[in-house]
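**Q**
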Amino acid sequence: MKVPFAVIILIGSTAVLWAAGIDVPLTIRETAGIDRFQHPVTSGIPLPLGALRSSEKLQIMDIHGRFIPAQFFVANRWWKDGSIQWVQFDFAADVPANGKATYFLREVEHIPEFPSPIGLIPRGKSLEVITGPLRFMIGGESNQLLDQVWVDENWGYDFSDRTKILESGNFDLVLINQNRTFRPSYWTQNRIEVEEANALRAVIKISGSFATAEQKEKSLDYVARITVYGGKTYIKLTFIIINRQGNSMTDSLRLDDLSLQVKLDLAREQQRFVFGGAQEDHPGNFAEKSFASLYQKSSDHYLLSGALEGSGAAKSVKPINLGWADLSDDQHGLAISTRWFWQLYPKAYEVTNDGTITLRLFPKQAPPQNIALGAAKTHELLFYFHGKRDFASGQVRNVLVGFQKPIYGLASPKWYCRDTQALGRLPESSESAYKPEYWPLVQKYDEWLVRSRDAVVALRDQVYRFSNQELDEYGVFNFGDAIHRVKEKGKAPNQGLFWENLDYDFPHALYLHFFRTGDLKSLEIAEESLAHLRDVDISHYELDPRLIGGNRTSPALNHWMSDSNKTPEGAHTWESYKNESLFDSFLLTGNRSALEIARLSVEHALRHNGLDIAHHSRSIGNALFALLKGYEVFGEKRFRDRAEWVVDSVHAWQDGDRNALRQLNSLVSETWSEKFRDGYGEDFWMYGPAWEALKQYYELTGWKDVPSYLQRSVDLAWRRISESTSDTSRHPHFQEFAITLSPGLAAIYEYTGNQKYWDWALEAFKSQAGAGATIERLDLFAQYFRPSQRFLWYLSKEFSKPQKHEVSLRVLRPVVAPQS
Numbered sequence: 026m027k028v029p030f031a032v033i034i035l036i037g038s039t040a041v042l043w044a045a046g047i048d049v050p051l052t053i054r055e056t057a058g059i060d061r062f063q064h065p066v067t068s069g070i071p072l073p074l075g076a077l078r079s080s081e082k083l084q085i086m087d088i089h090g091r092f093i094p095a096q097f098f099v100a101n102r103w104w105k106d107g108s109i110q111w112v113q114f115d116f117a118a119d120v121p122a123n124g125k126a127t128y129f130l131r132e133v134e135h136i137p138e139f140p141s142p143i144g145l146i147p148r149g150k151s152l153e154v155i156t157g158p159l160r161f162m163i164g165g166e167s168n169q170l171l172d173q174v175w176v177d178e179n180w181g182y183d184f185s186d187r188t189k190i191l192e193s194g195n196f197d198l199v200l201i202n203q204n205r206t207f208r209p210s211y212w213t214q215n216r217i218e219v220e221e222a223n224a225l226r227a228v229i230k231i232s233g234s235f236a237t238a239e240q241k242e243k244s245l246d247y248v249a250r251i252t253v254y255g256g257k258t259y260i261k262l263t264f265i266i267i268n269r270q271g272n273s274m275t276d277s278l279r280l281d282d283l284s285l286q287v288k289l290d291l292a293r294e295q296q297r298f299v300f301g302g303a304q305e306d307h308p309g310n311f312a313e314k315s316f317a318s319l320y321q322k323s324s325d326h327y328l329l330s331g332a333l334e335g336s337g338a339a340k341s342v343k344p345i346n347l348g349w350a351d352l353s354d355d356q357h358g359l360a361i362s363t364r365w366f367w368q369l370y371p372k373a374y375e376v377t378n379d380g381t382i383t384l385r386l387f388p389k390q391a392p393p394q395n396i397a398l399g400a401a402k403t404h405e406l407l408f409y410f411h412g413k414r415d416f417a418s419g420q421v422r423n424v425l426v427g428f429q430k431p432i433y434g435l436a437s438p439k440w441y442c443r444d445t446q447a448l449g450r451l452p453e454s455s456e457s458a459y460k461p462e463y464w465p466l467v468q469k470y471d472e473w474l475v476r477s478r479d480a481v482v483a484l485r486d487q488v489y490r491f492s493n494q495e496l497d498e499y500g501v502f503n504f505g506d507a508i509h510r511v512k513e514k515g516k517a518p519n520q521g522l523f524w525e526n527l528d529y530d531f532p533h534a535l536y537l538h539f540f541r542t543g544d545l546k547s548l549e550i551a552e553e554s555l556a557h558l559r560d561v562d563i564s565h566y567e568l569d570p571r572l573i574g575g576n577r578t579s580p581a582l583n584h585w586m587s588d589s590n591k592t593p594e595g596a597h598t599w600e601s602y603k604n605e606s607l608f609d610s611f612l613l614t615g616n617r618s619a620l621e622i623a624r625l626s627v628e629h630a631l632r633h634n635g636l637d638i639a640h641h642s643r644s645i646g647n648a649l650f651a652l653l654k655g656y657e658v659f660g661e662k663r664f665r666d667r668a669e670w671v672v673d674s675v676h677a678w679q680d681g682d683r684n685a686l687r688q689l690n691s692l693v694s695e696t697w698s699e700k701f702r703d704g705y706g707e708d709f710w711m712y713g714p715a716w717e718a719l720k721q722y723y724e725l726t727g728w729k730d731v732p733s734y735l736q737r738s739v740d741l742a743w744r745r746i747s748e749s750t751s752d753t754s755r756h757p758h759f760q761e762f763a764i765t766l767s768p769g770l771a772a773i774y775e776y777t778g779n780q781k782y783w784d785w786a787l788e789a790f791k792s793q794a795g796a797g798a799t800i801e802r803l804d805l806f807a808q809y810f811r812p813s814q815r816f817l818w819y820l821s822k823e824f825s826k827p828q829k830h831e832v833s834l835r836v837l838r839p840v841v842a843p844q845s
């Protein structure tokens, strides 16, 4: 067990002296309709190249210039000079309901010091955690996530029997699989480590497995992250289950029930409960019956039973209040909130008069669910151990409802984009950023994007009838993804339902839109989709270790396989490879789970050779996007070296240099033929991702032969498409995907100054942005808007017309890579 010393920081001065340097306004917008009082905020913002090498002098100030206790974490550094690229911060904010608050990130001469109530104390194989008014044990005698809990709302540090709310052995996670019972507490090899610890917040990671009592059999693995906040009596639990058990990729694990049962020390005659409902809360007691439950049966229907009877809607009213439950007596209690409760149906809360509150993540009332080998499922939970004062004041309810809508300290779009350039060449959406003649076109483009985004999300509610079932896009393994509605003519339907699996990194397109515009709806949808990508679309385990971290095919039958007669394993090519959105989530929100899976994903590109230039030219772009982002965030040269190998392989392919290609990539060399010389595959309309990624590689490395090879592929595509203008059947998709080619075409104009490339690029962009036909399909949305937002830089004032010149080649230096 890896545990640091107890984090007790005692400090004192409050003098603040201004220094010239960083001064960034941060806006917090409240959208849940509840007052936030001293609400924890964790966010990240970028800094310009060379601006700051250390976070020691950074501080958060309010609008009156007063110091706000804050802590900082360097997320990554600019590779060019080692200065900070993204910095993350923690502080507590006050924000009115449906309002906003402004704070400032500033560089000061002296950082004010403040005491921390957080303590992390090793106790043998356990960890004692103190937040000030809350104390609990992790592990302990019961080997459970929470072993004992005390809550002293008065901050008297009275952690005695009087304030104990949970005894050892009463925080019970139970998995039922075909009449077999598994518990994490039965697994003796659980690991506890502290991932983050500062004066305001700490993250403790616990990893292990569900096992039988005799430990003769192991089931699901799990990763739990407990986030604690200084001065708070609530904790956040991110709980991930992972299926790594099976002898064949066709194996899956049946979940008959997965529940968390918490038995509290409550006065039996004083117990009462509340369920958050769609239109109003559902309060009750046990005077008539000894139990009560709220069961989310479908996306639009929940049932109340026991001490309460009734039902309610969900999808049709989009309730933010639904998804929490509280059980308490006159002195204290526990409230639990589940993020995306109804969206991730089925779910259930149950309370009984013996002081037990149960959350069923995979409820026994519902038909069993199967989790595929290599798949995961994450639930984000909030546990609020409270006294009577916080509950009576409404603070408990506010925190529970607010959990559904996190608040962030956000910079302006201009800061994310032009001021720091940490996102590359990406201008914000403002009139001042663009040349006057292009601003109306940019406005049309943004309106088209938003209209299409809303159309994609609206289809979540649509009922899809299949095999005597009525389905929508909600559900524990579905939410965040979209049904693939394209049906190929002349083929019999398969047994199952195909899903997009967030092809082309749909959430990344939305993160880019948020950075450019500050549109919180794009950020919200991105986070919803990111959760699905992290759990389902990336393979957490494979029998072939090289495929671990790779992506599922897109579209996929029931999320897992390309067809009903295929093995449900990760894709062997990088046709569907994606991970940039995982890095986006970590950098902006501090999402540790996303960062962990981002590393798993980018490591896959080191182990496996998924290039398929002949058939899927986008595999070039997908691999480079992943590797370059991995290099940017992790700073490890091996990712850049692997990207260089990809580029060398592509250049040898374009040259038709079979000897060099065999050395670099024998698998790819076997598919080369003369018709591919100068280009990639014959799918010219799909060259856009490769062009954009190679452009980014050139911007990162300055590798001078990249432009000439890009120009050769562009010229080949130009010739072939021009030759086929009289026969549109040869390239039927070119007009449909012209906008995806625009960033690469504009780059060749930048490198050569040749006007024809600009004319082609601008026409490709205008032809679709100007028309603005609404896009309803998720994959098409991402395919259009992930790359095309990068073209906007060429319409901005930052871009100047280049001088015409020739680009030159240098000698290719092969990098031999292991084959898979």
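Residue numbering for the sequence shown follows my numbering, beginning at 26 and increasing consecutively. Ideal Cβ positions, reconstructed from N, Cα and C, are used throughout, including at glycine.
List the endpoints of the continuous alpha helix (DSSP H) containing Ala-623.
**A** Taking the first residue of the sequence shown as position 1, residue 623 is located at position 598. Residues 617-632.
**Q** Rounded to whole angstroms, what's the CA-CA distance from Ile-423 to Tyr-433? Just pull it up for me.
**A** Translated into positions along the sequence shown, residue 423 becomes position 398. Translated into positions along the sequence shown, residue 433 becomes position 408. For the record, residue 423 in the displayed sequence is Asn; it is not Ile. Asn-423 and Tyr-433: Cα-Cα distance of roughly 16 Å.
**Q** Between Leu-466, Gly-256 and Ser-244, which has its C-alpha nearest Ala-227's C-alpha?
**A** The sequence position of residue 227 within the sequence shown is 202, counting from 1. Considering only alpha carbons, the answer is Gly-256.
**Q** Less than 6 Å between C-beta atoms, sequence neighbours within five positions excluded: which residues of the same chain meet that for Lys-514?
**A** Residue 514 sits at position 489 when you count from the first residue of the sequence shown. Per-residue confidence for Lys-514 stands at a pLDDT of 40, beneath the threshold of 50, marking its modelled position as unreliable; no derived number is given.
**Q** Between which two residues does the alpha helix (DSSP H) harbouring Thr-777 extend?
**A** In the sequence shown, the residue the question calls residue 777 occupies position 752. Unbroken alpha helix (DSSP H) run through Thr-777: 763-777.
**Q** From Lys-413, Ile-345 and Trp-367, pick the residue whose C-alpha is nearest to that of Gln-304; which is it?
**A** Stepping through the sequence shown from its first residue, residue 304 is reached at position 279. Ranking Lys-413, Ile-345 and Trp-367 by Cα distance to Gln-304 puts Ile-345 first.
**Q** Does DSSP put Ala-174 in a helix, in a strand, or in coil?
**A** As a working note, residue 174 is residue 149 in the sequence shown. Before going further, note that residue 174 is Val rather than Ala in the sequence given. Of the three classes helix, strand and coil, the one that applies to Val-174 here is strand, per DSSP.
**Q** Let me know the alpha helix (DSSP H) ranges lying completely inside the segment 642-703, each 4 residues or longer, listed in chain order.
**A** Listed in chain order, the complete alpha helix (DSSP H) runs (minimum 4 residues) inside the segment 642-703 are 643-659, 662-680, 683-689 and 691-694.
**Q** Among the residues of its own chain, which have a CB less than 7 Å from the CB of Asp-708, if the five just before and after it don't count?
**A** The residue you call residue 708 lines up with position 683 of the sequence shown. So the qualifying residues of the chain are Ser-642.
**Q** If you pair each beta-carbon of the segment 202-215 with each one of the segment 158-172, do three or more pairs fall below 8 Å?
**A** Verdict: yes, contact present.
**Q** Does Gly-419 pass the burial test, meaning 16 or more other C-beta atoms within 10 Å, or should it be called exposed?
**A** Mapped onto the sequence shown, residue 419 falls at position 394. Looking at its Cβ environment, which holds fewer than 16 other Cβ atoms inside 10 Å, Gly-419 is exposed.
**Q** Does any residue of chain B bring its CB to less than 8 Å from the CB of Gly-157?
**A** Here chain B cannot be found, since the structure has a single protein chain.
**Q** To which residues does DSSP link Asp-281 through a beta bridge?
**A** Locating residue 281 in the sequence shown gives position 256, where the first residue counts as 1. According to DSSP, which records beta bridges pairwise, Asp-281 is partnered with nothing at all.
**Q** If we count the other Cβ atoms within 10 Å of its Cβ and call it buried at 16 or more, is Phe-114 buried or exposed?
**A** Taking the first residue of the sequence shown as 1, we reach residue 114 at position 89. Under this definition Phe-114 is a buried residue.
**Q** Please list the terminal residues of the continuous alpha helix (DSSP H) segment that includes Tyr-705.
**A** The count along the sequence shown starts at 1 and reaches residue 705 at position 680. Segment: none, Tyr-705 is in no alpha helix (DSSP H) and carries neither H nor E.
**Q** Given a cut-off of 8 Å on the beta-carbon distance, is the pair Ile-361 and Leu-407 in contact?
**A** What you label residue 361 is simply residue 336 of the sequence shown in a count that begins at 1. What you label residue 407 is simply residue 382 of the sequence shown in a count that begins at 1. Closer than 8 Å, so yes.
**Q** In whole angstroms, what is the alpha-carbon distance linking Val-426 and Asn-272?
**A** As a first step, residue 426 is located in the sequence shown; it is residue number 401 there, counting from the start. As a first step, residue 272 is located in the sequence shown; it is residue number 247 there, counting from the start. Roughly 43 Å separates the two Cα atoms.
**Q** Leu-77 and Ser-108 look like a contact to me (Cβ under 8 Å); what is the Cβ gap, rounded to whole Å?
**A** For the purposes of this step, residue 77 is taken as the residue at position 52 of the sequence shown. For the purposes of this step, residue 108 is taken as the residue at position 83 of the sequence shown. About 6 Å separates the two Cβ atoms, so the contact holds.
**Q** Within a Cβ cutoff of 8 Å, which residues of the same chain sit near Leu-313, ignoring the five residues on either side of it in sequence?
**A** Taking the sequence shown and counting its residues from 1, one reaches residue 313 at position 288. Looking at the sequence itself, residue 313 is Glu, so the reference to Leu does not match. Only Ala-332 meet the Cβ criterion.
**Q** Fully enclosed by the segment 540-614, which alpha helix (DSSP H) runs are 4 residues long or longer?
**A** Whole alpha helix (DSSP H) segments, 4+ residues: 545-557 and 605-614.
**Q** So, for Pro-827: in the same chain, excluding its five sequence neighbours on each side, which residues have a beta-carbon less than 6 Å away from its beta-carbon?
**A** As a first step, residue 827 must be located in the sequence shown, where it is residue number 802. Same-chain partners within the cutoff: Glu-775 and Gly-778.
**Q** Roughly how many angstroms lie between the CA atoms of Asp-666 and Trp-728, to the nearest whole one?
**A** Translated into positions along the sequence shown, residue 666 becomes position 641. Translated into positions along the sequence shown, residue 728 becomes position 703. For Asp-666 and Trp-728, the distance between alpha carbons rounds to 13 Å.
**Q** For Asn-423, report the span of its alpha helix (DSSP H) as first-last.
**A** Working through the sequence shown from its first residue, we reach residue 423 at position 398. It spans 420-427 - the alpha helix (DSSP H) in which Asn-423 sits, taken as one unbroken run.
**Q** Taking DSSP's pairing of strands, which residues face Phe-97 in a bridge?
**A** Within the sequence shown, residue 97 is the residue found at index 72, counting from 1. The partner list for Phe-97 (beta bridge, DSSP) reads Phe-114.
**Q** For Thr-578, which residues of its own chain have a beta-carbon under 6 Å away from its beta-carbon, when the five flanking residues on both sides are left out?
**A** Counting from 1 along the sequence shown, the entry for residue 578 is found at position 553. Only Ser-587, Ala-596 and Ser-601 meet the Cβ criterion.
**Q** Is DSSP giving Phe-816 helix, strand or coil here?
**A** Numbered from its first residue, the sequence shown carries residue 816 at position 791. Reduced to three states, the DSSP call for Phe-816 is helix.
**Q** If distances are taken between C-alpha atoms only, which option among Asn-223, Leu-386 and Asn-604 comes closest to Gly-574?
**A** Against the sequence shown, residue 574 aligns to sequence position 549. Selected option, being the one with the closest Cα: Asn-604.
**Q** With hydrogens ignored, establish whether the beta-carbon of Pro-732 is closer than 7 Å to any heavy atom of the ligand HEM.
**A** The model on display carries no ligand, and the ligand HEM is accordingly not part of it.
**Q** Hey, quick one: how far does the beta strand (DSSP E) through Arg-297 stretch, first residue to last?
**A** Against the sequence shown, residue 297 aligns to sequence position 272. Counting along the chain, the beta strand (DSSP E) containing Arg-297 begins and ends at 297-300.
**Q** Taking all protein chains shown into account, do 16 or more other C-beta atoms lie within 10 angstroms of the C-beta of Lys-829, making it buried, or fewer, making it exposed?
**A** Position 804 of the sequence shown, counting from 1, holds the residue named residue 829. It counts as exposed.
**Q** Hey, Pro-393 and Pro-371 are a contact pair by Cβ (cut 8 Å); roughly how many whole angstroms apart?
**A** Within the sequence shown, the letter at position 368 stands for residue 393. Within the sequence shown, the letter at position 346 stands for residue 371. Contact doesn't hold; Cβ gap of about 11 Å is too wide.
**Q** What whole-angstrom Cβ distance do Ala-742 and Tyr-712 have, given they're in contact under 8 Å?
**A** Sequence index remark: in the sequence shown, residue 742 carries index 717 (1-based). Sequence index remark: in the sequence shown, residue 712 carries index 687 (1-based). Yes, Ala-742 and Tyr-712 are in contact; Cβ-Cβ is about 6 Å, under 8 Å.
**Q** Please name the residue in Val-739, Val-174 and Ile-800 whose C-alpha comes closest to that of Ile-773.
**A** Here residue 773 corresponds to residue number 748 of the sequence shown, with the count starting at 1. Among Val-739, Val-174 and Ile-800, the Cα nearest to that of Ile-773 belongs to Val-739.
**Q** From Trp-365 to Phe-311, what does the alpha carbon distance come to, in whole angstroms?
**A** Start at 1 with the first residue of the sequence shown, and residue 365 comes out as number 340. Start at 1 with the first residue of the sequence shown, and residue 311 comes out as number 286. Those two C-alpha atoms are separated by around 28 Å.
**Q** Taking all protein chains shown into account, decide if Gly-149 is buried (16 or more other Cβ within 10 angstroms of its Cβ) or exposed.
**A** By 1-based counting over the sequence shown, the position of residue 149 is 124. Exposed, because fewer than 16 other Cβ atoms sit within 10 Å of the Cβ of Gly-149.
**Q** Please name the residue in Ala-551, Ala-339 and Ile-190 whose C-alpha comes closest to that of Arg-160.
**A** Counting from one through the sequence shown, the residue named residue 160 turns up at place 135. It is Ile-190.
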